[in-house]
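Protein chains in written order, with the working numbering: chain A, 1 to 264; chain B, 1001 to 1711. Cβ coordinates follow ideal geometry from the N, Cα and C atoms, glycine included. Keep in mind the model is a prediction, meaning the values are calculated, not measured.
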Ligand code: SF4
């Protein structure tokens, strides 16, 4: 049986898919987005985090059976409220076999995969194929910029996005709008261009960036060094999407920040 | 659970009246501008009471009359629902020495006067005070009544006359000011029954405010949308009032309930019991939701003040759109509405001896206890059983004596029983002061010549088993580590507890992070259920509470989550030290039904599942599952719809009572630092909400530190 490291299992995540959902946040991410709001989700191992209330451990190793048992206990509630389970991260595909193992043990539960798309195509296809809906993060289309801001090449991401479009799984593209980085006209037009050509796309969600996680970085002994102006409002321009006939929505409020409300 | 004939659009979220007039009225009330009319002192009635040698009931009536006479009619600018209290306090009826003689050997409940019950407002409005007076006269004229009954009836009549005389002066003042419409209303109500919504609200304002003048507190308003609806319905049907006009009047009534709240006694300001109950079922079991149900929520959304505190009775079938409207109110951050589940509460009340019709008419006392308007002289909060203390004593003694885990549980049961019996013994000596005016508002007092203090149809007591999650977590940790895994020795644990975990930080972290917790582990949940069984068994062993009633166990905690952890005001030391769930000495317990503050919980689903395991057929005194959701959970329509689903899940799982808060931790922290910027920030504290900046620091801290779920 597989096991893996989970950062947190959180119930009633109102912005991770349809209905009442429970989200499994898998620990570890291959990317290093400069704006990441989940620094405690980056390392694949359990960590100690300092908070105002003292130290606590972030991350715990579970077997797939344990996780499935927790989720199956509430499956009826999730189902009857039009919801299900979302796998998020970090990057859930970093622990793809573990995630597959969990999904395989779930009893009739709607699954959303929330991914950066950065994974091998076979891993990506397997887990996406077991999901009923995919939230696919698309940050930067320009390869150089992507490497600069996330530390990784976006070629596998774009390839997986095309692969997804050829599968029979509906998906939403989510774009974090970081002022002056991902919200530029050129980037939004490029994303709209790609989105307009994809079958199976439900819509594009624009997620305005909000100032956030500085404190958490410090608590983990990491540094947060934004190179953009945090005070500048994000440019949530829907025009390029409307022009490409792509359904688009703009989220209000602190999406990413809210992932980990600081326990005081 | 919606009646079919409701007007389309009745769930509209925004009021349709133009709010300029009430905006300024609300701000003036918040600023306390009306308080300049207050006199410095209340009348001194002691000399005349002594000179005339009056007994207790006569003194209460006399003081009430004198206070009414001392009230100065006040008509604030633009006001349409009158009454502003001008006397500051309730005069003493006895000198200290005499008071001690009178009450020596007895138990006075809290401050003494009858509190925390609910009148039958619909019944009194329907009769009018003059009819109540006639009933009293008629009863007095029937043969067979003893002195005590005749004295009571005379006192009741004295209080009715005092109210009517005060209202006459209000009418006169209004007439002199040229306010002929208002004068006409006051010449009619509350003496005669109201016929319009405006008249009914005016009558209720006076009848309710007068209860406080008799010295009572935690004065509930009951099933407002039920007893008020006939008046509004008549007005709407006849075209006497528009929907907007009705909303505006209702808003003014709600605002008026906030005028005198600084004069009300309570642990903290805001703890005043001015609750209203909405929704539910009628006497015949059919859905009771009407247009006023939604209007009251909508108007509360507008007024956004701490009074009245809104409760909503629901079931698994309640319409999601009504729950959505209620969610809008939750989003405001006041902690309203509090939900109770009819499908659980009503059968439990029936099981406890309430007639089905009465059970269907339940409302809540100040915070959460289920009571029947006009028919209950119940003392629903005789005190708290500290479950952490019961468990902690059992753990320490049991581990020292080297007994098994079941024996530790047995000791916990003994400790619980001991505390329950202690409360029951104390309240067997309960002395309730006479309450002639409050009696006028109840069913049967005037009819039978019996003061309310002698009891009504229902005379149960209640108690609350507080901080259950902390206690269960402590037991669960001991079971797991000391008995099942044997990874911690009894001595090691005892030493760590005695030393408040000094030099045992790694053990404390294990207890906190690796032990089973209520809300995320079935084993801990089951231990909590066992603790409540012990409480139920102890209460059920009490055949008669001394007043022909029972002892109802509940799940609330009121201020006990602080007092039980840190000691009551004035205590030298906390009553409990560090505990085995990894809690250090002095740290708070959880309030009502909530996971331990230090437990890592997955969220609301596990919490609802955990607390749905309690047998609410036995544990029926109320006390809500309390959950703080990040205010981001109410950010948009879609999220609010999900909150409605969560509330429905609560009902589907068979839980009893729920209280949701929308909380933004950053806002609260900022309010601590800059109170001047957050003067109107309202938070739920326990069964009530208050202005955050007016709370004592320890209550502020607890609000900030509560479990926050979301997004
Ligand atoms: S993909 Fe998400 S979790 Fe990974 S670094 Fe980027 S923002 Fe953080």
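Alpha helix (DSSP H) segment containing residue i, residue limits
i                       : result
residue 1226 of chain B : 1224 to 1227
residue 97 of chain A   : 96 to 105
residue 1504 of chain B : It is not in any alpha helix (DSSP H) - residue 1504 of chain B carries neither H nor E in the DSSP assignment.
residue 959 of chain B  : Because chain B in this structure spans residues 1001 to 1711, residue 959 of chain B falls outside the shown range and cannot be described.
residue 1648 of chain B : 1637 to 1652
residue 1245 of chain B : 1243 to 1256
residue 119 of chain A  : It is not in any alpha helix (DSSP H) - residue 119 of chain A carries neither H nor E in the DSSP assignment.
residue 62 of chain A   : Looking at the DSSP string, residue 62 of chain A is not in any alpha helix (DSSP H); the run it does join, the beta strand (DSSP E), is 60 to 63.
residue 1447 of chain B : 1445 to 1448
residue 1528 of chain B : 1522 to 1540
residue 1181 of chain B : 1180 to 1188
Neighbourhood of residue i by C-beta distance below 8 Å, restricted to the same chain and skipping five residues each side
i                       : result
residue 1135 of chain B : 1127, 1446 and 1447
residue 1325 of chain B : 1011, 1013, 1294, 1297 and 1298
residue 169 of chain A  : 128, 129, 131, 132, 133, 134 and 200
residue 60 of chain A   : 5, 6 and 46
residue 1065 of chain B : 1158, 1159, 1161 and 1162
residue 1457 of chain B : 1358, 1372, 1375, 1376, 1443 and 1444
residue 1238 of chain B : none
residue 150 of chain A  : 31, 32, 33, 34, 139 and 140
Neighbourhood of residue i by C-beta distance below 6 Å, restricted to the same chain and skipping five residues each side
i                       : result
residue 1074 of chain B : 1037 and 1084
residue 1520 of chain B : 1601, 1602 and 1606
residue 1041 of chain B : none
residue 1253 of chain B : 1081 and 1201
residue 1578 of chain B : 1497, 1500, 1501, 1584 and 1585
Contacts of residue i in chain A (Cβ-Cβ under 8 Å)
i                       : result
residue 1513 of chain B : 56 and 57
residue 1633 of chain B : 12 and 14
residue 1566 of chain B : Simply none; closest approach about 18 Å.
residue 1639 of chain B : 14 and 15
residue 1673 of chain B : Going along chain A, no residue has its Cβ under 8 Å from residue 1673 of chain B, so there is no contact; the nearest lies around 13 Å.
Residues that residue i contacts on chain D, provided the C-beta gap is smaller than 8 Å
i                       : result
residue 1606 of chain B : You won't find chain D in this structure, because its protein chains are A and B.
Contacts of residue i in chain B (Cβ-Cβ under 9 Å)
i                      : result
residue 184 of chain A : By Cβ distance, chain B contributes nothing, its closest Cβ being about 26 Å from residue 184 of chain A, past 9 Å.
residue 77 of chain A  : 1605, 1608, 1609, 1649, 1652 and 1653
7 Å Cβ cut-off: residues of chain B touching residue i
i                     : result
residue 81 of chain A : 1645 and 1649
Buried/exposed call for residue i, threshold 16 Cβ in 10 Å
i                       : result
residue 1106 of chain B : exposed
residue 1047 of chain B : exposed
residue 225 of chain A  : exposed
residue 147 of chain A  : exposed
residue 1569 of chain B : exposed
residue 1144 of chain B : exposed
residue 245 of chain A  : exposed
residue 1661 of chain B : buried
residue 232 of chain A  : exposed
residue 1581 of chain B : buried
residue 1162 of chain B : buried
residue 1023 of chain B : exposed
residue 1027 of chain B : exposed
residue 1551 of chain B : buried
Opening and closing residue of the beta strand (DSSP E) in which residue i lies
i                      : result
residue 9 of chain A   : 3 to 11
residue 960 of chain B : Residue 960 of chain B cannot be examined here, being either before or after the span of chain B that is shown, 1001 to 1711.
residue 173 of chain A : 171 to 177
Amino acids of chain B, ordered along the chain, whose beta-carbon sits closer than 8 Å to that of residue i
i                     : result
residue 20 of chain A : 1605, 1642, 1645, 1646 and 1649
Interface residues of chain A facing residue i [CB-CB closer than 7 Å]
i                       : result
residue 1700 of chain B : In chain order: nothing, as chain A lies at least about 12 Å away.
Contacts around residue i, its chain only, beta-carbon distance under 7 Å, and the 5 residues preceding and following it disregarded
i                       : result
residue 1483 of chain B : 1405
residue 1185 of chain B : 1198, 1199 and 1202
residue 1003 of chain B : Bear in mind that the predicted position of residue 1003 of chain B carries a pLDDT of just 46, short of 50, making it unreliable; the figure below should be weighed with that in mind. Once the five neighbours on either side are set aside, the close Cβ partners of residue 1003 of chain B are 1287, 1289 and 1290.
Interface partners of residue i on chain A, CB under 9 Å
i                       : result
residue 1583 of chain B : In chain order: nothing, as chain A lies at least about 12 Å away.
Quiz item: Is the region 1361 to 1370 of chain B touching the region 1110 to 1124 of chain B, taking contact as three or more C-beta pairs under 8 Å?
Solution: Judged by Cβ distances under 8 Å, the region 1361 to 1370 of chain B makes contact with the region 1110 to 1124 of chain B, as three or more pairs qualify.
Practice problem: Assess, as a yes-or-no matter, whether the region 1612 to 1628 of chain B is touched by the region 1369 to 1389 of chain B under the definition of 3 or more beta carbon pairs within less than 8 Å. | Solution: A contact exists between the region 1369 to 1389 of chain B and the region 1612 to 1628 of chain B.
Quiz item: Quick one: any contact between the region 1584 to 1596 of chain B and the region 1303 to 1316 of chain B, if contact means 3 or more CB pairs under 8 Å?
Solution: Short answer: they don't touch.
Quiz item: Is the region 64 to 81 of chain A touching the region 29 to 48 of chain A, taking contact as three or more C-beta pairs under 8 Å?
Solution: Here the region 64 to 81 of chain A makes no contact with the region 29 to 48 of chain A; the two share fewer than three CB pairs at distances below 8 Å.
Quiz item: Is the number of C-beta pairs between the region 1242 to 1262 of chain B and the region 1205 to 1221 of chain B that are closer than 8 Å three or more?
Solution: The region 1242 to 1262 of chain B vs the region 1205 to 1221 of chain B: in contact.
Quiz item: Is the region 104 to 117 of chain A in contact with the region 1639 to 1646 of chain B, if contact means three or more CB pairs nearer than 8 Å?
Solution: Verdict: no, contact absent.
Quiz item: Looking at C-beta atoms only, is the number of pairs between the region 1341 to 1357 of chain B and the region 1527 to 1541 of chain B that lie closer than 8 Å three or more?
Solution: No: fewer than three Cβ pairs fall under 8 Å.
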